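Residue numbers 8 to 282, in the working numbering, belong to the letters of the sequence shown in order. Accompanying notes for the structure given below.
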Amino acid sequence: MTVLAALVALGISVWSNRSETETARAGQITDRYTAAVNNLGNSSAGVRLGGIDALQRIMKDSPSDQASVVDVLSAYIRTHSRPAGKESAGCSGRPEADVQAAFEVLARRDPGQDGGSEVDLRESHLRHIGVRSASRKGTIELDLTGADQAHLPNSNLSGADLSHANRPGADIHCACLVGAPLGTAALTDADLRGDWLDQADLGHARLEHTKLAEASLVDASLAHATMPDADMHHAGLRGVDLRGAVLANADLRGAYLRNGQPADRQGQADRLDFP
């Protein structure tokens, strides 16, 4: 009995010490989180960058807090990426360093730890935004594979490299994507209605069932894109490159083609006059 009592006492002691350690750790995480969020409101860009870096470390150290970090950084990007005054219109302006840093944290996170939270970047201005990669080209890429649940309606993504985006069902309607590389992107069932995609490169993109109604694709490339059942009614397709594109059952009613004339019924792919 004495041995049993000793073992029970030892077990209780270990549990108590572990509980105290976990409580202390949780308190430290809370203090770090509070300090990091406070830094985001600082007038110094350097302090704000430090706050973003601190939130990234918290997300790695405490996966249970990732949802809160995602919400905070999403709100930060939405608020701080909008240019003031005349710059807010059209596709002008580049993100500041802190917005770029916050975006990289979101893009590189493990989405499996989001706990139901979603990256909400609607109405953000993210022109030429990117995530630095070790690609052979040495370019800045935007890989949204880790942001499959992101919302980007009314966003400015002009010039952003979305060529590796894997975002089936993505909501990017009414966004500015002028000149954006989207080749090989997987955007099945995505909502791109009303998007400004002039001169964008969507060659080899997967756009099955994608909504492109009333989008402007003037001088864009859709060469070899896979677009069965895509909704492109009333889209602007003047100068678009559709060589090798798969358009089975695509809805082209009212779409403005190369000759400036609208198609008159669904599935009129033969009237696009491929080269």
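Glycine residues also receive a C-beta, built at the ideal position from the N, C-alpha and C atoms. The structure presented is a predicted model; accordingly, all values stated were derived computationally and were not measured.
| query | result |
| --- | --- |
| Per-residue burial, residue 256 [other beta carbons within 10 Å of its own, 16 or more giving buried] | exposed |
| Residue nearest to residue 64 in terms of C-alpha spacing, selected from 48, 117, 50, 52 | 117 |
| Where the alpha helix (DSSP H) containing residue 66 begins and where it ends | 52 to 68 |
| Pick from 237, 175, 168, 123 that is closest to residue 72, judged by C-alpha positions | 123 |
| For residue 115, the first and last residue of its enclosing alpha helix (DSSP H) | 104 to 115 |
| Terminal residues of the alpha helix (DSSP H) in which residue 83 lies | 73 to 87 |
| Own chain partners of residue 201 with C-beta closer than 8 Å, once the 5 adjacent residues on each side are dropped | 180, 181, 220, 221, 222 |
| Cβ neighbour criterion (16 or more within 10 Å) applied to residue 217 | buried |
| Cutoff 6 Å; reference residue 214; Cβ partners in own chain excluding five residues on either side | 194, 232, 234, 237 |
| Collapsed DSSP secondary structure at residue 233 in the structure displayed | strand |
| Pairwise C-alpha distance: residue 37 and residue 147 | Caution applies to residue 147, whose pLDDT of 34 falls short of 50 and renders its modelled position unreliable; the model cannot decide the point. |
| Close-in-space but distant-in-sequence residues of the same chain around residue 185 (CB under 8 Å, 5 per side omitted) | 98, 165, 166, 203, 204, 205, 206, 207 |
| Spatial distance of residue 188 from residue 168 (CA atoms) | 5 Å |
| Span separating the alpha-carbon of residue 39 from that of residue 126 | 22 Å |
| Backbone CA spacing between residue 112 and residue 78 [nearest angstrom] | 12 Å |
| Reference residue 2; option with closest CA among 59, 253, 244, 106 | Outside the displayed span of the chain (8 to 282) sits residue 2, for which this structure offers no information. |
| Beta-carbon proximity check, residue 239 vs residue 262, cutoff 8 Å | yes |
| Residue 226 and residue 246 closer than 8 Å at C-beta | yes |
| Close Cβ partners of residue 55 (< 7 Å) along its chain, the five nearest in sequence each way excluded | 46, 47, 49, 105 |
| Separation of residue 224 from residue 76, as counted between CA atoms | 36 Å |
| Rounded separation between residue 192 and residue 130 - CA only | 21 Å |
| Residue from 251, 87, 230 with nearest C-alpha to residue 103 | 87 |
| Spatial distance of residue 171 from residue 109 (CA atoms) | 20 Å |
| Local conformation of residue 155 per DSSP, three classes | With a pLDDT of 44 at residue 155, under the threshold of 50, the predicted position of this residue should be treated as unreliable, though the coordinate-derived value follows. Coil, per DSSP. |
| Length of the line joining the Cα atoms of residue 259 and residue 173 | 25 Å |
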